[in-house]
Amino acid sequence: MSAPLPTAGRGEVRVRVLASGLEYTDVVIRRHLYPQTMRRRPPFVLGYDVVGEIDQLGDGVSGFQLGDRVADLTVLGSNAAYRTLRADHLTRVPAGVDAAEAAALILSWTTAYQLLHRAARVQRGQRVLVHGAAGAVGQALLVLGRLADLELWGTARGAHAALIRELGATPIDYQREDFTRVLPGGFDVVFDGIGEDDYRRSFAALKRGGLLCVYGYTAGVQAQRRLLTLLMWIARVYLWRRLLSGLPGAKRLRVYSINVMRALHPAWFREDLERLFGLLATRAIRPRVAERISFDEVVEAHRRLEAGGLEGKLVLCPELPSPSDWVPPQREPGAPAVQAPPAT
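For the sequence shown, this note's numbering assigns the number 527 to the initial residue and increments by one for each residue that follows.
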């Protein structure tokens, strides 16, 4: 779909989009199950995050210039060739950093960093269980948890065991193993973005005084539960937290949302994302980009997101040629055929 080129308003910049991630959260938004966007109806543009190059400055903008590369968490609107952004929301992207890898950090890795260091406030040597360890946030939790010197376990399908070991954790095949029995005495922290059985088993896996951090609730989305059910789940989680807070030595519960955290502590978001960009620039971390795709591949990419099983991030790169636009070079008679270049 084409649209007029946007114009930067006061306090805004316009960016030429270099990369924008495709997230499972986009599936949630399409199903009208995401709290911030559930009242929106098509047509609207998806795109939760963006890395772009500034090509227009609005009135009143200072501290940025044309050509600067910047990033933002936008929730909507970034799966586009151009878009406008509030200048006071921007985080600078270091020179030399790959745009697609930078985009992969904005939602999933910032979520993981803040779960570890803002919500759970993990300490060196703690024993931590990560559910959905092969997913985008799960992988980031393992990598960043290893940098924080945590002892890590990760649940996933057995097919992902090698990946989880590579990321520094002990794999748990949730289809064959009972994670509540893996560690006698229980875990210090459990990160659960899935929400199976309303977190009862995750809670059971904690040690006395342990902390359960919840976010995401993909189980409810995958089951396509209705909005009322999701709201009831949220209410139950907050009731649990209230009831448990007054018990000495009791297991604890914390609910995390990146958008709530950013609204309450906007400086934290920029500080944490800048720290992640710094780790990326020095190659201390390297997010997995499963594939860089063009606009023509977005629909199929959403099917892949819904099917699950990806071990890396799908990233829209608007300047990437469409596969349908590729024309094989002419060849001499008898020479072997040239194959289309694979997506990277």
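Backbone N, C-alpha and C fix where the C-beta goes; we use that ideal spot for every residue, glycine too.
Taking buried to mean at least 16 other C-beta atoms within 10 Å of its own C-beta, is residue i buried or exposed?
| i | result |
| --- | --- |
| Ala660 | buried |
| Ala745 | Caution applies to Ala745, whose pLDDT of 45 falls short of 50 and renders its modelled position unreliable; the model cannot decide the point. |
| Ala695 | buried |
| His558 | exposed |
| Ser588 | exposed |
Where does residue i sit, in a helix, a strand or coil, going by DSSP?
| i | result |
| --- | --- |
| Ala745 | With a pLDDT of only 45 at Ala745, under 50, the local geometry of the prediction cannot be trusted, and the value read off the model is given with reservation. If DSSP states are grouped into helix, strand and coil, Ala745 belongs with the helices. |
| Ile720 | coil |
| Pro497 | Here the chain has residues from 527 to 870 only, and residue 497 is not among them. |
| Gly664 | helix |
| Arg557 | coil |
| Gly684 | helix |
| Ala645 | helix |
| Ala597 | strand |
Tell whether a beta-carbon distance below 8 Å holds between residue i and residue j.
| i | j | result |
| --- | --- | --- |
| Ile580 | Leu599 | no |
| Ser871 | Phe821 | A question about residue 871 goes unanswered here, because the residues of the chain that appear run from 527 up to 870. |
| Leu655 | Trp635 | no |
| His828 | Val554 | no |
| Leu732 | Thr617 | no |
| Leu548 | Leu842 | yes |
| Leu641 | Leu668 | no |
| Tyr639 | Val601 | no |
| Val543 | Tyr608 | yes |
| Gly537 | Ala613 | yes |
| Asn785 | Gln649 | no |
Grab me the residues of residue i's own chain with a C-beta within less than 8 Å of its C-beta, minus the 5 sequence neighbours each way, in chain order.
| i | result |
| --- | --- |
| Val619 | Val577, Arg595, Val596, Ala597, Ala625, Ala628 and Phe803 |
| Arg796 | Thr617 |
| Arg788 | Leu599, Trp794 and Phe795 |
What's the gap between the Cα of residue i and the Cα of residue j?
| i | j | result |
| --- | --- | --- |
| Asp585 | Ala646 | 41 Å |
| Gln701 | Ala674 | 29 Å |
| Leu676 | Leu840 | 28 Å |
| Leu633 | Gly711 | 33 Å |
| Glu703 | Glu823 | 37 Å |
| Ala529 | Thr808 | 38 Å |
| Ala685 | Glu722 | 20 Å |
| Arg567 | Tyr550 | 18 Å |
If I measure Cβ to Cβ from residue i and keep anything under 6 Å in the same chain, skipping five residues before and after, which residues do I get?
| i | result |
| --- | --- |
| His657 | Thr681, Asp718 and Ile720 |
| Ala666 | Ser634, Trp635 and Ala638 |
Looking at the C-beta of residue i, does it have a partner C-beta in chain E at a distance below 8 Å?
| i | result |
| --- | --- |
| Glu722 | Structure shown: chain E not included; a single protein chain is present. |
At a threshold of 7 Å, does residue i count as lining the ligand NAP (C-beta to nearest heavy atom)?
| i | result |
| --- | --- |
| Arg780 | Within the structure as shown, the ligand NAP is missing, as the structure has no ligands at all. |
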